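Number of protein chains: 2
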Amino acid sequence: MPQETFFNLPDVKRNLIISAAMEEFSTANYNTASINQICKKSNIAKGSFYQYFTDKLDLYVYIMTLAIEEKIKFFSTVLAEFHTLTLLEQIRLLFIKGIEFAKSHPQYAALGEQFSKENDESAKLSVMKEGDRQSESLFMEMIHNAKSKGEIDNRVDPLALSMMLQSLNSAVNGYMLNKFGNIRYEYNKEDINNFVDSLLDIIFNGIQSREGDYHE
Amino acid sequence: MPQETFFNLPDVKRNLIISAAMEEFSTANYNTASINQICKKSNIAKGSFYQYFTDKLDLYVYIMTLAIEEKIKFFSTVLAEFHTLTLLEQIRLLFIKGIEFAKSHPQYAALGEQFSKENDESAKLSVMKEGDRQSESLFMEMIHNAKSKGEIDNRVDPLALSMMLQSLNSAVNGYMLNKFGNIRYEYNKEDINNFVDSLLDIIFNGIQSREGDYHE
DNA sequence: TGACATTATGACCACTCGGTCATATAATAT
DNA sequence: ATATTATATGACCGAGTGGTCATAATGTCA
Numbered sequence: 001m002p003q004e005t006f007f008n009l010p011d012v013k014r015n016l017i018i019s020a021a022m023e024e025f026s027t028a029n030y031n032t033a034s035i036n037q038i039c040k041k042s043n044i045a046k047g048s049f050y051q052y053f054t055d056k057l058d059l060y061v062y063i064m065t066l067a068i069e070e071k072i073k074f075f076s077t078v079l080a081e082f083h084t085l086t087l088l089e090q091i092r093l094l095f096i097k098g099i100e101f102a103k104s105h106p107q108y109a110a111l112g113e114q115f116s117k118e119n120d121e122s123a124k125l126s127v128m129k130e131g132d133r134q135s136e137s138l139f140m141e142m143i144h145n146a147k148s149k150g151e152i153d154n155r156v157d158p159l160a161l162s163m164m165l166q167s168l169n170s171a172v173n174g175y176m177l178n179k180f181g182n183i184r185y186e187y188n189k190e191d192i193n194n195f196v197d198s199l200l201d202i203i204f205n206g207i208q209s210r211e212g213d214y215h216e
Numbered sequence: 001m002p003q004e005t006f007f008n009l010p011d012v013k014r015n016l017i018i019s020a021a022m023e024e025f026s027t028a029n030y031n032t033a034s035i036n037q038i039c040k041k042s043n044i045a046k047g048s049f050y051q052y053f054t055d056k057l058d059l060y061v062y063i064m065t066l067a068i069e070e071k072i073k074f075f076s077t078v079l080a081e082f083h084t085l086t087l088l089e090q091i092r093l094l095f096i097k098g099i100e101f102a103k104s105h106p107q108y109a110a111l112g113e114q115f116s117k118e119n120d121e122s123a124k125l126s127v128m129k130e131g132d133r134q135s136e137s138l139f140m141e142m143i144h145n146a147k148s149k150g151e152i153d154n155r156v157d158p159l160a161l162s163m164m165l166q167s168l169n170s171a172v173n174g175y176m177l178n179k180f181g182n183i184r185y186e187y188n189k190e191d192i193n194n195f196v197d198s199l200l201d202i203i204f205n206g207i208q209s210r211e212g213d214y215h216e
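Residue numbers (the working numbering), protein chains in the order written: chain A, 1 to 216; chain B, 1 to 216.
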């Protein structure tokens, strides 16, 4: 955690440092990101930086924690109404909300992307000790719930499905980010919904030839 | 491409350099990987290195190209008999072979992992200019083939399915690598087969409750 | 043996890195 | 005005980076 000095800073200055750091860590990985650059971008002296943060790792964990908190806040309203929904609706909501988050918080999304690619194990561990961990078990919980309600077939392997959903979730985000990175979200809302529904259709109905209409 | 001098080297020495470089590039990303370390590991002087390769990028592209060629060689026999198989068999074969490749060529697999996480865009571009590109269109081709044969439902979105397969393919590999990284492959052959089949079952039949047996 | 081309070497260059520290400045309290 | 505390600063450190180059060693002909 940053020193008290950092939080005593005027808001403008503190936010400047934060956004400079976010820019750096969303562009480069832990080892490549440069404290010097962050200092330059935020117009503070090197010595000042080390009065706010004990070291590079301290800053890294702080920034990543901010991103995680923002994401949790964004998803909290969704999760609250989860128990009223079917598995299809739940997954759909998670996918759509994930894309929405990336659209409305591109900086945070880029930080998450970087983090998932991070090479430095100790940096990764330090961040994970601080928060998160829930998304993995979230899917598992959803699956078990749905199974007990008879929403999904008994033959489905929960572990395989969970891995599948996790993988798809991040793939969809990455895909959308690359594809529509610079276009305004509103414009593609329909496309995105259609794409997500196509994915869900595969997951729920399979790809094998089937006769007639959806037998839902 | 390396200089002629490099290929004139005695096999032992040349291979030592190659394996030292592979070790480095499978552990660190492009910017973090160190020429100095590679020289130390392979017992050559810095000056010698720069008589073999024009610069770091030259070495990087060369090493990655070797890995790609090895992977293509490994898959070529499989691809040759593809036209005789159903989509299910094709996908199954790709998944299983992918895991086998990672097991029997862990170094190459690690290089691929690193490459997929690479931050340096110019390094990535240089490698892609040199080879590859096929896996993306391979899935699409398979899907269109299967559709024309009536193997999969008309309602399935080819793009969504292609992305799904790609994503799952790499996820399965990463998952297996993490899970069984240090255990011998033979030991888990059954587990792996079962897991892949669970995934394929979901893809082909969906997860929605269905009555009776597989209606294949 | 001597001439010539090929390969090997490591000190050296300019640069960047994360981190330190003595010192200067500003703010607050007495 | 003085003493005390909190903040700001940038030169400096040791280490590592990719890359260069004059020089030394080796191999190959005549």
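Even glycine gets a Cβ: it sits at the ideal position worked out from N, Cα and C.
No experiment lies behind these values; they were computed from the predicted model shown.
- Remark: C-beta atoms of B:N173 and B:A109 approach each other more closely than 9 Å.
- Rounded to whole angstroms, the separation of the alpha carbons of A:E70 and A:S76 is 10 Å.
- Shown here, A:I99 sits in a helix according to DSSP, grouped into three states.
- Below the 7 Å Cβ cutoff, chain A contributes no neighbours of B:F115, its closest Cβ being approximately 11 Å away.
- DSSP places B:Q208 within a strand segment (E or B) once states are collapsed to three.
- Contact between the stretch 190-205 of chain B and the stretch 152-160 of chain A is present, with at least three C-beta pairs closer than 8 Å.
- DSSP places B:E4 inside the alpha helix (DSSP H), whose first and last residues are E4 to N8.
- Along the stretch 72-100 of chain A, the positions whose C-beta sits under 9 Å from a C-beta of chain B are L87 and L88, read in chain order.
- Note that the stretch 92-105 of chain B touches the stretch 161-172 of chain B; at least 3 beta-carbon pairs, one per stretch, sit closer than 8 Å.
- Following the DSSP letters along the chain, one finds A:T54 in no alpha helix (DSSP H), marked with neither H nor E.
- Look at the stretch 9-40 of chain B: the residues with a C-beta under 9 Å from a C-beta of chain A are T27, A28, N29, N31 and T32.
- DSSP links A:I192 through a beta bridge to no other residue.
- A:N43 counts as exposed, since fewer than 16 other C-beta atoms from the protein chains shown sit within 10 angstroms of its C-beta.
- For B:R14, the enclosing alpha helix (DSSP H) begins and ends at D11 to T27.
- CA-to-CA, the gap between A:Y50 and A:P2 works out to about 10 Å.
- Proximity of chain A to B:S167 at the Cβ level (cut-off 7 Å) is accounted for by S167, L168 and A171, in chain order.
- Counting every other CB atom within 10 Å of its CB across the protein chains shown gives B:I72 a total below 16, marking it as exposed.
- Non-local C-beta neighbours of B:V127 in its own chain, meaning closer than 6 Å and more than five positions away in sequence, comprise V61 and M64, ordered along the chain.
- The three-state secondary structure of B:I152, taken from DSSP, is strand.
- Under the three-state reduction of DSSP output, B:H83 falls in the helix class.
- Its Cα nearest to that of A:Y30, the residue A:L59 stands out among A:L59, A:F74 and A:V12.
- Rounded to whole angstroms, A:K189 and B:D120 show a C-alpha spacing of 31 Å.
- A residue is called buried once 16 or more other Cβ atoms fall within 10 Å of its Cβ, and B:A160 is buried on that count.
- Taking the beta carbon of A:Q208 as reference, the chain B residues within 7 Å of it are I152, D153, F204 and N205, listed in sequence order.
- B:F6 has a beta carbon lying at 9 Å or more from every beta carbon in chain A.
- Here A:T32 carries a coil assignment [DSSP, helix/strand/coil].
- CA-to-CA, the gap between B:K147 and B:T86 works out to about 11 Å.
- At a cut-off of 9 Å, the C-beta of A:S122 has no neighbouring C-beta in chain B.
- Within the stretch 42-76 of chain A, no residue places its CB atom closer than 7 Å to a CB of chain B.
- Following the DSSP letters along the chain, one finds A:M128 inside the alpha helix (DSSP H) bounded by residues E121 to E130.
- Counting along the chain, the unbroken alpha helix (DSSP H) around A:A110 starts and ends at P106 to K117.
- Straight-line measurement puts the Cα of B:L125 at about 20 Å from the Cα of B:T27.
- By the Cβ neighbour-count rule, B:V12 is exposed, with fewer than 16 other Cβ atoms within 10 Å of its own.
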